[in-house]
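K.L.:
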Amino acid sequence: MSDALEFFDEGTPCGVLTAEPLGRVLDYLAPEGGAWIGAFVEAPLGPRRVVGVVWGAAEGSFPRAKLRAVIRVLDAVPMRAELRAFLARVADYTLTPLPAMLRLATRVPDLGSGPATRKLLYRTDSAPPRMTEAREKVLAVFDGFGGAGLTPGELAQAAGVSSGVVRGLVQAGALLEREALRDQPYPRLDPARAGANLTDDQAQAAAVLAAGVQSGEYGTTLLKGVTGSGKTEVYLEAIAACLALGRQALVLLPEIALTSEFLTRVEARFGARPAEWHSGVTLSERRRCWHMVGQGAAQLVVGARSALFLPFRDLGLIVVDEEHDSSYKQEEGVLYHARDMAVLRAAMAGGQVILASATPSLETWANARAGKYARLDLSARFGPNTLPEMRAIDLRAEDLPTGRWVSPTLQRAVTARLAAGEQALLFLNRRGYAPLTICRACGHQVECSDCDARMVEHRFLKRLVCHQCGATAPMPATCPACGAEDRLAPVGPGVERLEEEARALWPDARVAVLSSDLFGSARALKDQIAVIAGGEADIIIGTQIVAKGHNFPNLTLVGVIDADLGLSGSDLRAAERVFQLVRQVSGRAGRADKPGRALVQTSQPDHPVIRAILSGEEEAFWQSESAQREGLRMPPHGRLAGVILSAPAMEPAFELGTRLAQADAPLRAIGAQVFGPAPAPIARIRGMHRVRLLVKAPKGAALQGAIAAWLKPHNLPRGLRLSVDIDPQSFY
Numbered sequence: 001m002s003d004a005l006e007f008f009d010e011g012t013p014c015g016v017l018t019a020e021p022l023g024r025v026l027d028y029l030a031p032e033g034g035a036w037i038g039a040f041v042e043a044p045l046g047p048r049r050v051v052g053v054v055w056g057a058a059e060g061s062f063p064r065a066k067l068r069a070v071i072r073v074l075d076a077v078p079m080r081a082e083l084r085a086f087l088a089r090v091a092d093y094t095l096t097p098l099p100a101m102l103r104l105a106t107r108v109p110d111l112g113s114g115p116a117t118r119k120l121l122y123r124t125d126s127a128p129p130r131m132t133e134a135r136e137k138v139l140a141v142f143d144g145f146g147g148a149g150l151t152p153g154e155l156a157q158a159a160g161v162s163s164g165v166v167r168g169l170v171q172a173g174a175l176l177e178r179e180a181l182r183d184q185p186y187p188r189l190d191p192a193r194a195g196a197n198l199t200d201d202q203a204q205a206a207a208v209l210a211a212g213v214q215s216g217e218y219g220t221t222l223l224k225g226v227t228g229s230g231k232t233e234v235y236l237e238a239i240a241a242c243l244a245l246g247r248q249a250l251v252l253l254p255e256i257a258l259t260s261e262f263l264t265r266v267e268a269r270f271g272a273r274p275a276e277w278h279s280g281v282t283l284s285e286r287r288r289c290w291h292m293v294g295q296g297a298a299q300l301v302v303g304a305r306s307a308l309f310l311p312f313r314d315l316g317l318i319v320v321d322e323e324h325d326s327s328y329k330q331e332e333g334v335l336y337h338a339r340d341m342a343v344l345r346a347a348m349a350g351g352q353v354i355l356a357s358a359t360p361s362l363e364t365w366a367n368a369r370a371g372k373y374a375r376l377d378l379s380a381r382f383g384p385n386t387l388p389e390m391r392a393i394d395l396r397a398e399d400l401p402t403g404r405w406v407s408p409t410l411q412r413a414v415t416a417r418l419a420a421g422e423q424a425l426l427f428l429n430r431r432g433y434a435p436l437t438i439c440r441a442c443g444h445q446v447e448c449s450d451c452d453a454r455m456v457e458h459r460f461l462k463r464l465v466c467h468q469c470g471a472t473a474p475m476p477a478t479c480p481a482c483g484a485e486d487r488l489a490p491v492g493p494g495v496e497r498l499e500e501e502a503r504a505l506w507p508d509a510r511v512a513v514l515s516s517d518l519f520g521s522a523r524a525l526k527d528q529i530a531v532i533a534g535g536e537a538d539i540i541i542g543t544q545i546v547a548k549g550h551n552f553p554n555l556t557l558v559g560v561i562d563a564d565l566g567l568s569g570s571d572l573r574a575a576e577r578v579f580q581l582v583r584q585v586s587g588r589a590g591r592a593d594k595p596g597r598a599l600v601q602t603s604q605p606d607h608p609v610i611r612a613i614l615s616g617e618e619e620a621f622w623q624s625e626s627a628q629r630e631g632l633r634m635p636p637h638g639r640l641a642g643v644i645l646s647a648p649a650m651e652p653a654f655e656l657g658t659r660l661a662q663a664d665a666p667l668r669a670i671g672a673q674v675f676g677p678a679p680a681p682i683a684r685i686r687g688m689h690r691v692r693l694l695v696k697a698p699k700g701a702a703l704q705g706a707i708a709a710w711l712k713p714h715n716l717p718r719g720l721r722l723s724v725d726i727d728p729q730s731f732y
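Position 664 of the sequence shown, counting from 1, maps to 664 under UniProt numbering, and the rest follow consecutively.
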């Protein structure tokens with residue numbers, strides 16, 4: 001698409017794309033006053049009014065006399081040609097209808113309302129004469145939002161208090177109410193402000209990244225640095241170079257809980273807080289961010305993967321932090337990988353991409369090795385801290401009682417750290433109390449009624465939870481199969497059960513659990529992380545959430561309870577994920593001036609992945625893993641696409657899957673193979689039966705076009721859904 005704007009005079013036919021699931025652009029007449037291409041408009045659709053974007057010329061297949069007129073142009077900056085082209089490219093790549101892509105780019109509250117004023121509350125310097133726990137919660141919310149104004153409703157909801165508490169603080173003078181523009185520009189960030197003192201290696205890497213940004217051209221760089229090597233400080237200098245040019249920057253983070261610490265570092269570097277875009281911010285802040293990004297009044301956005309679809313005015317840099325993290329893959333709705341789409345968006349915007357990780361994905365490692373991406377390495381930790389010593393604990397040689405998960409060797413190591421006034425982390429990548437509940441009388445395993453998945457006991461909640469669909473049920477007193485009383489027993493450990501064991505082993509220790517399901521909001525999770533970082537916990541028990549870049553200065557020991565989890569099975573990326581996860585979580589130890597140590601419990605100390613984790617020979621691991629994938633012609637040396645058929649009954653899904661497998665000529669034409677149909681590994685989710693086909697193609701094959709031609713002749717029976725996952729990351 002051209003950057004030149006095109007104007008449609010009043011009454012002229014034009015094409016409007018809406019987010020409604022119609023699959024195509026609709027013809028309308030331009031509204032009173034006309035409309036620019038890219039304009040956000042309100043248009044009639046049946047009896048309703050819907051929001052859309054003027055996408056281009058009318059298709060002309062509908063008689064002009066029957067065309068309805070666009071109702072009005074909305075008060076929003078028109079969508080730039082670069083973003084429209086990006087949405088179209090992502091739609092083509094992921095085989096997603098354009099309306100669904102537009103929905104991703106317009107997920108903003110009250111898009112149709114103008115720049116009206118509203119009443120906002122701000123914190124004053126006055127303290128209320130009487131302080132209560134509820135009032136403390138309200139005032140603490142302002143600290144979390146960096147002093148931004150909040151509506152009374154947002155404030156009450158964020159603090160978890162009644163509106164009366166908020167009104168009382170206004171009357172007491174602790175909060176000030178004033179009229180403000182609905183959407184205000186963000187404070188200006190100062191790129192000339194002094195940054196951290198960098199080492200020679202860091203300064204060299206920062207200079208290379210800044211030069212790339214200043215070139216004004218596209219480029220992608222893998223910034224590979226060991227945990228604690230200062231990757232963030234290095235890419236902040238690239239952001240400074242971007243802001244100095246007057247361009248916008250975006251930092252993607254894999255976990256909302258990381259934003260609090262990162263925002264503090266941004267504020268220290270640039271003198272103000274950036275815009276935020278993720279599910280943890282209020283609806284008002286989402287609206288403000290969306291509009292200010294489009295106007296160029298937000299220089300830097302820190303957000304989740306969906307921030308890629310914001311209407312940037314001039315995007316010059318995208319940083320994908322912890323680029324290996326699996327959360328960058330969207331697994332529902334539009335199926336896309338944010339890392340790959342970040343590269344695409346930067347290429348179309350003429351910007352740079354920085355992929356930062358201590359343990360990069362094999363795809364990124366291979367692209368850097370092939371010269372498609374540049375690569376910068378930071379091999380030493382920043383300051384006096386050094387990489388942790390790593391050692392295996394062979395569980396076969398440990399005297400571990402039944403029902404216990406902490407080995408005597410690990411127990412002694414934790415006890416020694418506690419005696420020294422230091423923190424220890426016990427890592428187990430299993431939520432809940434136990435992954436399986438079984439009847440000792442008949443052997444029945446308690447399963448979800450809507451999914452082919454086992455229910456997981458969450459003892460803190462006193463309920464069973466399905467980790468596939470989220471369904472919950474009270475813990476039964478009798479076996480659902482045989483009716484036996486008091487015979488249901490937990491099998492295997494989860495973090496809640498590990499906490500129970502830790503409290504028994506170290507009764508005087510302060511134990512904190514970090515698991516995403518234990519916190520009702522992102523803010524509560526951030527608060528717990530801040531408590532731990534402040535030293536108010538002795539033993540931390542956590543799932544993979546603890547591996548995502550957190551900095552606990554007093555943490556000197558990491559104990560991996562079961563490093564073998566994930567090594568078995570047929571998952572293509574099992575070895576890669578175990579390697580990344582254990583190396584990342586081990587890197588939480590010794591990040592200040594005290595040396596760290598990581599003890600890895602395993603029953604397979606001679607397994608190649610475990611040996612690679614302990615030796616630190618990362619390049620050798622990636623080379624071996626890459627060679628194995630190349631021999632199998634699997635990603636990144638081949639291409640995959642998953643096709644999932646879902647239906648209330650298994651038979652129609654299998655019937656369609658069989659017809660597809662038999663009519664595979666378009667796929668064979670590009671050298672692709674079809675495997676299946678077969679029941680998906682989890683064959684039923686939310687009551688829908690699932691059948692899977694897998695398409696495997698050579699690396700350079702035109703996969704999307706072949707799949708589109710393959711699927712086109714087949715009409716879906718009523719009630720049957722089909723989804724295509726290009727470059728799948730999971731196979732459940």
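Glycine included, every Cβ here is placed at the ideal spot set by N, Cα and C.
Note down, in chain order, each residue of its chain lying with its Cβ closer than 7 Å to the Cβ of Y336, except the 5 sequence neighbours on either side.
P.N.:
Counting only residues of its own chain and dropping the five nearest sequence neighbours on each side, Y336 has a CB closer than 7 Å to the CB of V90, T94 and Q330.
K.L.:
Is it buried or exposed for K224, if we count other Cβ within 10 angstroms and need 16 for buried?
P.N.:
buried
K.L.:
Between the C-alpha atoms of G705 and A641, what's the straight-line distance to the nearest angstrom?
P.N.:
12 Å
K.L.:
So, are the CB atoms of W277 and V251 less than 8 Å apart?
P.N.:
no
K.L.:
Using only the alpha-carbon positions, how far apart do L555 and E389 sit?
P.N.:
Approximately 13 Å, taken between the alpha carbons.
K.L.:
Contact check, V51 vs T12 under 8 Å by CB: the rounded distance?
P.N.:
Not confirmed; about 20 Å, so no contact.
K.L.:
Compute the distance between the beta-carbons of H87 and L29, then report whether it is under 8 Å.
P.N.:
The residue asked about is misnamed: residue 87 is Leu in this sequence, not His. It is not a contact, given that the beta carbons lie outside the stated cut-off.
K.L.:
What separation, rounded to the nearest whole angstrom, lies between the Cα atoms of D3 and V495?
P.N.:
Only weak support exists for where D3 lies, its pLDDT of 44 falling under 50; the coordinates are left without a value.
K.L.:
Taking the continuous beta strand (DSSP E) assigned at S646, which residues delimit it?
P.N.:
G638 to A647
K.L.:
Per DSSP, which residues does F7 bridge with? Please list them.
P.N.:
W36
K.L.:
In the DSSP assignment, find the alpha helix (DSSP H) that holds H291 and state where it starts and stops.
P.N.:
L283 to Q295
K.L.:
Report all residues from its chain with a CB closer than 6 Å to the CB of S260; omit the five preceding and five following residues, and keep chain order.
P.N.:
K526
K.L.:
Using a 10 Å radius around the Cβ and a threshold of 16 neighbouring Cβ atoms, would you call C448 buried or exposed?
P.N.:
buried
K.L.:
Should C479 go down as buried or exposed, given a rule of 16 or more other Cβ atoms within 10 Å for buried?
P.N.:
Per the 10 Å Cβ criterion, buried.
K.L.:
Compute the Euclidean distance between the alpha carbons of L26 and R84, then round it to the nearest angstrom.
P.N.:
16 Å
K.L.:
Restricting to runs no shorter than 4 residues, where is the alpha helix (DSSP H) found entirely within the segment 32-94?
P.N.:
81-94
K.L.:
Closest to E20 by CA distance: which of D340, E10, W55 and R103 is it?
P.N.:
R103
K.L.:
For W710, which three-state DSSP category applies?
P.N.:
The three-state secondary structure of W710, taken from DSSP, is helix.
K.L.:
When we look at the beta-carbon of K231 and count the other beta-carbons within 10 Å, is it buried (16 or more) or exposed?
P.N.:
Classification of K231: buried, given that the 10 Å Cβ count is 16 or more.
K.L.:
Could you check how far apart the C-beta atoms of P507 and W405 are, in whole angstroms? I think they sit under 8 Å.
P.N.:
At roughly 17 Å, the Cβ-Cβ gap does not stay under 8 Å, so P507 and W405 are not in contact.
K.L.:
Excluding five sequence neighbours on each side, which residues of the same chain lie with their C-beta closer than 6 Å to the C-beta of A156?
P.N.:
Here the set comprises S163 and V166.
K.L.:
Assign C14 to buried or exposed, taking buried as 16 or more other Cβ atoms, counted over all protein chains shown, within 10 Å of its Cβ.
P.N.:
So C14 ends up on the buried side.
K.L.:
Could you tell me how far apart the beta carbons of L505 and Q411 are, in whole angstroms, since I believe they sit closer than 8 Å?
P.N.:
6 Å
K.L.:
When you compare each of R24, L45, P47 and A57 to D9 by their alpha carbons, which one comes out closest?
P.N.:
A57
K.L.:
With distances taken between CB atoms, is the gap from V531 to A537 smaller than 8 Å?
P.N.:
yes
K.L.:
Given that a residue counts as buried once 16 or more other Cβ atoms are within 10 Å of its Cβ, and exposed if not, what is A194?
P.N.:
exposed
K.L.:
Hey, how far is the Cα of L236 from the Cα of L209?
P.N.:
10 Å
K.L.:
Quick one: grab the DSSP three-state call for S163.
P.N.:
helix
K.L.:
Just tell me which of V138, Q295 and E133 has its CA closest to the CA of A174.
P.N.:
V138
K.L.:
I'd like to check one pair, A563 with V600: are the Cβ atoms closer than 8 Å?
P.N.:
yes
K.L.:
If you reduce the DSSP assignment to three classes, tell me which class V302 lands in.
P.N.:
strand
K.L.:
Take G212 as the anchor and find which of Q544, R375, P360 and R130 has the nearest alpha-carbon.
P.N.:
G212 has its Cα closest to that of R375, out of Q544, R375, P360 and R130.
K.L.:
State the DSSP-derived secondary structure class of A19, mapped to helix, strand or coil.
P.N.:
coil
K.L.:
Helix or strand or just coil, what does DSSP make of E179?
P.N.:
strand
K.L.:
Scan the segment 514-552 and note each continuous beta strand (DSSP E) run of 3 residues or more that stays entirely inside, going in chain order.
P.N.:
539-542
K.L.:
Kindly indicate which residue of Q544, T472 and P698 has the alpha-carbon position closest to the one of S327.
P.N.:
Cα-wise, what sits closest to S327 is Q544.
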